[in-house]
Structure formats: structure tokens, C-alpha cells
Amino acid sequence: MDYVSALVPPVVMAVFFIGLVVTIIKSQGGPNKAKEDAAVDAAIGRAESVRQTPSGGA
């Protein structure tokens with residue numbers, strides 16, 4: 055019975071990890087894809103505008 059108690063934690067972690075991966079894959083795309091893409095584009099735009107603004111000194 056020691057082998058059962060040794061195998062239970064890795065099996066439980068594997069099941070949760072597989073569930074996490076499946077959830078991530080299923081959440082890609084779908085009705086929220088446009089909203090997520092817009093949020094990412096806005097964040098990239100803000101980062102680029104901050105990087106391109108002159109620093110004031112020179």
C-alpha cells in the first residue's frame with residue numbers, strides 16, 4: 055500500500071494540470087477573442103507611445 059500513497063500526489067497534480075491546459079486551450083478564441091485582442095493592442099500601443107516620447111534632456 056506504500057506505492058499507492060506514493061503515486062496519489064503525482065496523479066492528482068497531473069489531473070489538475072491537464073484540466074488547466076484544457077481550460078486554457080478552450081478559452082482561446084471564442085466570443086471574447088476580439089475584446090482580448092483589443093486589450094492587448096491597447097497595452098502595446100501605450101507601451102510604444104511611452105517609449106517613443108522624447109525624454110526632455112539632450
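Mapping of the sequence shown onto this note's numbering: residues 55 to 112, in sequence order. Note that CB positions come from ideal geometry on N, CA and C, so glycine has one too. Model, not experiment: these values are computed from the prediction.
Between the alpha carbons of G83 and Q106 lies a distance of about 31 Å. In this structure, DSSP gives G83 a state outside helix and strand, which the three-state scheme calls coil. In the three-state DSSP reduction, M55 falls in the coil class, being neither helix nor strand.
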